[in-house]
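Asks:
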Amino acid sequence: MKTATAAPPGGAPATAPRRVRRHLPTSPWLFLAPGLLAVTAFSLAPFLLTVGNSFTDNRTLVPGGFVGLANFRELLHDEMFWTGLRNSALYVLVTVPLLVLLPLLLAVLVQRHIPGITFFRAAFYTPVVASVVVVGLIWSWLLDDRGLVNGILEALGAGPVGFLSDPWLLLLSAMLLTVWKGLGYYMIVYLAALTNVPRELHEAAAVDGAGAVRRFVTVTVPALRNTMVLVAALSSVSAFKVFSEVYLLAGENGGPAGEDITLVQLVQQVGTGLNGRVGYASALSVVVFVVTLGLMLLVLRANRKEDA
Amino acid sequence: MSATTARPAPAAGPEPHDQKRRSTRPSAARPGRAFGSRPPAWRTALRYLLLVAVFALMVGPFLWQLSTSLKGPGEDIYSYPPRLLPSDATLDNYAGVARIIPVWDYALNSLTVAVASVLTNLVGASLAGYALARLRFKGRGAALTVFIMAMLVPLESIIIAQFTLARALHVNNTLLGVVLPGAVGALNVLLMRNAFSGLPYEVEEAALVDGANVWQRFVRIALPSVKGTLAVVAIFSFMTAWDDFLWPLIVLSDPANFTLTVGLNYLHGTFADNQRLVAAGTIIAVLPLIVMFACLQRYFFRGVGEGAVKG
Numbered sequence: 482m483k484t485a486t487a488a489p490p491g492g493a494p495a496t497a498p499r500r501v502r503r504h505l506p507t508s509p510w511l512f513l514a515p516g517l518l519a520v521t522a523f524s525l526a527p528f529l530l531t532v533g534n535s536f537t538d539n540r541t542l543v544p545g546g547f548v549g550l551a552n553f554r555e556l557l558h559d560e561m562f563w564t565g566l567r568n569s570a571l572y573v574l575v576t577v578p579l580l581v582l583l584p585l586l587l588a589v590l591v592q593r594h595i596p597g598i599t600f601f602r603a604a605f606y607t608p609v610v611a612s613v614v615v616v617g618l619i620w621s622w623l624l625d626d627r628g629l630v631n632g633i634l635e636a637l638g639a640g641p642v643g644f645l646s647d648p649w650l651l652l653l654s655a656m657l658l659t660v661w662k663g664l665g666y667y668m669i670v671y672l673a674a675l676t677n678v679p680r681e682l683h684e685a686a687a688v689d690g691a692g693a694v695r696r697f698v699t700v701t702v703p704a705l706r707n708t709m710v711l712v713a714a715l716s717s718v719s720a721f722k723v724f725s726e727v728y729l730l731a732g733e734n735g736g737p738a739g740e741d742i743t744l745v746q747l748v749q750q751v752g753t754g755l756n757g758r759v760g761y762a763s764a765l766s767v768v769v770f771v772v773t774l775g776l777m778l779l780v781l782r783a784n785r786k787e788d789a
Numbered sequence: 156m157s158a159t160t161a162r163p164a165p166a167a168g169p170e171p172h173d174q175k176r177r178s179t180r181p182s183a184a185r186p187g188r189a190f191g192s193r194p195p196a197w198r199t200a201l202r203y204l205l206l207v208a209v210f211a212l213m214v215g216p217f218l219w220q221l222s223t224s225l226k227g228p229g230e231d232i233y234s235y236p237p238r239l240l241p242s243d244a245t246l247d248n249y250a251g252v253a254r255i256i257p258v259w260d261y262a263l264n265s266l267t268v269a270v271a272s273v274l275t276n277l278v279g280a281s282l283a284g285y286a287l288a289r290l291r292f293k294g295r296g297a298a299l300t301v302f303i304m305a306m307l308v309p310l311e312s313i314i315i316a317q318f319t320l321a322r323a324l325h326v327n328n329t330l331l332g333v334v335l336p337g338a339v340g341a342l343n344v345l346l347m348r349n350a351f352s353g354l355p356y357e358v359e360e361a362a363l364v365d366g367a368n369v370w371q372r373f374v375r376i377a378l379p380s381v382k383g384t385l386a387v388v389a390i391f392s393f394m395t396a397w398d399d400f401l402w403p404l405i406v407l408s409d410p411a412n413f414t415l416t417v418g419l420n421y422l423h424g425t426f427a428d429n430q431r432l433v434a435a436g437t438i439i440a441v442l443p444l445i446v447m448f449a450c451l452q453r454y455f456f457r458g459v460g461e462g463a464v465k466g
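Sequences listed follow chains H and L, in order. Each residue of the first sequence is one higher than the last, beginning at 482 in my numbering. Each residue of the second sequence is one higher than the last, beginning at 156 in my numbering.
1. Under a CB-based cut-off of 8 Å, is L:N420 close to chain H?
2. Note down the Cα distance separating L:R348 from L:N248, rounded to an integer number of angstroms.
3. The alpha helix (DSSP H) that contains H:Y606, what's its start and end?
4. Please confirm whether H:T531 and H:S763 have their CB atoms less than 8 Å apart.
5. Could you give the C-beta distance for H:M668 and H:A588, rounded to a whole number, given that I count them as a contact under 8 Å?
6. At the 8 Å Cβ level, is L:V433 part of the contact set with chain H, yes or no?
7. Under 8 Å between beta-carbons, which chain H residues line up against L:R202? List them in chain order, please.
8. Rounded to the nearest angstrom, what separates L:G191 and H:V698 at their Cα positions?
9. Distance check for L:A297 and H:L629, CA to CA, integer angstroms please.
10. Just checking: is the beta-carbon of L:P186 within a distance shorter than 8 Å of some beta-carbon in chain H?
11. Please report the straight-line C-alpha distance between L:L246 and L:P443, rounded to a whole angstrom.
12. L:R238 lies in the alpha helix (DSSP H); which residues open and close that run?
13. If the criterion is Cβ atoms closer than 8 Å, does the pair L:A338 and H:A519 meet it?
14. Contact defined as beta carbons within less than 8 Å: I believe L:V333 pairs with L:T395. What is the distance between those atoms, to the nearest angstrom?
15. What does L:Q371 reach in chain H if we use C-beta pairs closer than 9 Å?
16. Hey, H:S508 and L:L290: beta-carbon distance below 8 Å or not?
17. Are the beta-carbon atoms belonging to H:L645 and H:S621 less than 8 Å from one another?
18. Using the rule of at least 16 other Cβ atoms within 10 Å of the residue's Cβ for burial, across every protein chain shown, is L:Y454 buried or exposed?
19. What is the rounded straight-line gap between the Cα of H:S790 and the Cα of H:V548?
20. Could you tell me if L:E359 is buried or exposed, where buried requires 16 or more neighbouring beta carbons within 10 angstroms of its beta carbon?
21. For L:F413, does the three-state DSSP call read helix, strand or coil?
22. Which value, in whole angstroms, describes the spacing of the CA atoms of L:I315 and H:G760?
23. Can you pull the DSSP bridge partners for H:T537?
24. Measuring CA to CA, which of L:F302, L:I232, L:L331 and L:F292 is closest to H:H504?
25. What are the start and end residues of each continuous alpha helix (DSSP H) run of 4 or more residues lying completely inside the segment 288–342 of chain L, in chain order?
26. So which residues on chain L does H:Y666 lean against when the C-beta distance must stay under 7 Å?
27. L:L290 CB to nearest chain H CB: under 8 Å?
28. Let me see if you follow: with CB-CB separation under 8 Å, is L:P237 close to chain H or not?
29. Can you check whether the C-beta of H:I619 is within less than 8 Å of a C-beta belonging to chain L?
30. Would you mind reading off the limits of the alpha helix (DSSP H) that contains L:E205?
31. Which stretch, first to last residue, makes up the alpha helix (DSSP H) that contains L:Q430?
32. According to DSSP, is H:N552 helix, strand or coil?
33. Provide the residue span of the alpha helix (DSSP H) that contains H:N568, from first to last.
34. Report all residues from its chain with a CB closer than 7 Å to the CB of L:R162; omit the five preceding and five following residues, and keep chain order.
35. Please indicate yes or no: does the CB of L:L324 lie closer than 7 Å to some heavy atom of the ligand PLP?
36. Thinking just about the alpha-carbon of each residue, which of H:F605, H:F528 and H:V678 is nearest to the one in H:V591?
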């Protein structure tokens, strides 16, 4: 009889404790309460509030009313919006290809277990650990008119370059800052994926006479395609939401005449402060959300198409 | 101090995690020699050359900042050729930056926020993760969906609403207001759920038969088995909170309550021309994390793997 209870014929052995009460019906919800409360209150509710606010002319201190699509219509005629959208889109176009390719090369460079390699891996990861503010201030000193980079350029006879005064160079500098800070993170992502590439593939290619470059293109890249898509998705989403790098290099107005402002900085500029236009900033936020989601879907879909 | 900045690895170097990766060649062979499938020496040399070049690019800027922060007023920081080693190293700039902004108070504020964030994330994420992975109840799928949806909402797109909310709760301009939005990260909940899901059922079943209730099973059996993931959650919560900039910038208005990142931005905006002081401030902000990274390197790397797969 005892055996029958513990392991009914043909049944899974783990069915015995079913008669024991596993937990009170309320226990799961007590376990979930802090987490659910936090994400509902500080992510989902603000999201719904953002969508709701985007149809109003609320201000920080003055509640407004429903204005329909007026905020979105205003966007279309707002020069700052188009500047911000252009800069955020350019950010994606420039940084994503670099962040898909360079960390992969770096991962291949640190892949072999040669003496000291853990030291180099850790060193390349250091910029990831540092706050973007620290990194921004370090580079604004390096790229200063009298900073180290211009010192070297002048010694080479290239004269001082206005990295932080020319609007285009400033945006480009911020992009390179983002790439520099992200290299180590994606290097580790690739490094984990590289360990799964069968060594036999490399050996077979080597036997066929393929050099290192050829093996990289014909073996490594195809084997890591899914990881590359993942990196493209992650880096394009974070590139479009860029705020800090440009803010730190360009200042709170987004460059000399606001030419370097990004979409998220525009949200911050328009929506905060005592006279913040919460309604309009929410409409801008909705655009940020929609584009971010679109970018993610686009990358994932590109991946699926190539699979088919 | 430069030793700390430059050498995070040796501390973690002999750690087993690296050897765990599939060893691809016999351990008896020594690198750099052309044994068997071993690359020729010139290629190993080239590899080291590249490694050193990338090292200069990735760590050099930090060392330059450290060097600037140690140079006294008598030394020309703009001189060319550049001098990495200060001719007359001094800590005066660290005292100097503390005279113009309350940098140690800011550091304490950052520490408070980071530690609070670690605690709330550990508690909230492990409880919720355990329920999602191990308890059977109606609505589990819905609860999971809530966390996944929360993870997909970009923080930057809800920041104005979060500010509205913080004002409604009267926590704007307080450290509590800084902590709340990141109190329980949805990604951390999912990481904990995965960790608990990976545990074998048998031990918990045995405890169940012995009459252990759900709380006892959670605290005595499940939690001790996921220490690695708990460490990952703790470290990434600390780093995220310590490094965060956009949200504290929005929610804190009174300079007395600034965290280090917002304080540094203020310092840079007000005393931009005093590079030595700004440099000292940035070193104060970055050093704790570099030390932490040097000691706990493998958890940082592990977190990247788990976070990237999920996120």
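Note that CB positions come from ideal geometry on N, CA and C, so glycine has one too.
Replies: The relevant details are as follows:
1. Interface residue, yes.
2. Spanning the two alpha carbons is a distance of roughly 47 Å.
3. In the DSSP annotation of this structure, the continuous segment of the alpha helix (DSSP H) that includes H:Y606 starts and ends at I598 to V610.
4. For H:T531 and H:S763, yes; Cβs fall inside 8 Å.
5. Confirmed, about 5 Å.
6. So, interface residue.
7. L:R202 reaches chain H at L590, R593 and I595, counting residues in chain order whose Cβ is nearer than 8 Å.
8. Model confidence at L:G191 stands at a pLDDT of 46, short of 50, so the residue's coordinates are unreliable; what they give is reported in the following sentence. Spanning the two alpha carbons is a distance of roughly 24 Å.
9. As the crow flies, the alpha-carbon of H:L629 is around 55 Å from that of L:A297.
10. With a pLDDT of only 42 at L:P186, under the threshold of 50, the placement of this residue in the model should not be trusted; the figure read from the coordinates follows. Closer than 8 Å to some Cβ of chain H, the Cβ of L:P186 qualifies, so yes.
11. Those two C-alpha atoms are separated by around 17 Å.
12. Segment: none, L:R238 is in no alpha helix (DSSP H) and carries neither H nor E.
13. At a Cβ-Cβ threshold of 8 Å, L:A338 and H:A519 count as neighbours.
14. That belief does not hold up - the Cβ atoms of L:V333 and L:T395 are roughly 12 Å apart, past 8 Å.
15. Simply none; closest approach about 11 Å.
16. With contacts defined as CB atoms closer than 8 Å, H:S508 and L:L290 qualify as a contacting pair.
17. Yes, they are a contact pair.
18. With 16 or more Cβ atoms within 10 Å of its Cβ, L:Y454 is classed as buried.
19. What is shown of chain H runs 482 to 789, which leaves residue 790 of chain H out entirely.
20. The residue is buried, with at least 16 neighbouring Cβ atoms inside 10 Å.
21. In this structure, DSSP gives L:F413 a state outside helix and strand, which the three-state scheme calls coil.
22. Going by the C-alpha atoms only, they are around 9 Å apart.
23. Answer is H:F547.
24. It is L:F292.
25. The alpha helix (DSSP H) runs of length 4 or more contained entirely in the segment 288–342 of chain L are, from start to end of the chain, 295–307, 314–323 and 330–334.
26. Identification of chain L residues near H:Y666 by a Cβ-Cβ cut-off of 7 Å yields V459, ordered along the chain.
27. Yes, its Cβ sits closer than 8 Å to a Cβ of chain H.
28. For L:P237, a Cβ of chain H is located within less than 8 Å of the residue's own Cβ.
29. Closer than 8 Å to some Cβ of chain L, the Cβ of H:I619 qualifies, so yes.
30. In the sequence under discussion, the amino acid at residue 205 of chain L is Leu, which differs from the Glu named in the question. Segment A196 to L225, the alpha helix (DSSP H) holding L:L205.
31. From DSSP, the alpha helix (DSSP H) with L:Q430 extends over Q430 to C450.
32. In the structure shown, H:N552 sits in a helix (DSSP, three-state: H, G or I).
33. If you look at H:N568, you'll find it in the alpha helix (DSSP H) that goes E560 to L590.
34. Caution applies to L:R162, whose pLDDT of 32 falls short of 50 and renders its modelled position unreliable; the model cannot decide the point.
35. The model on display carries no ligand, and the ligand PLP is accordingly not part of it.
36. Closest option to H:V591, Cα to Cα, is H:F605.
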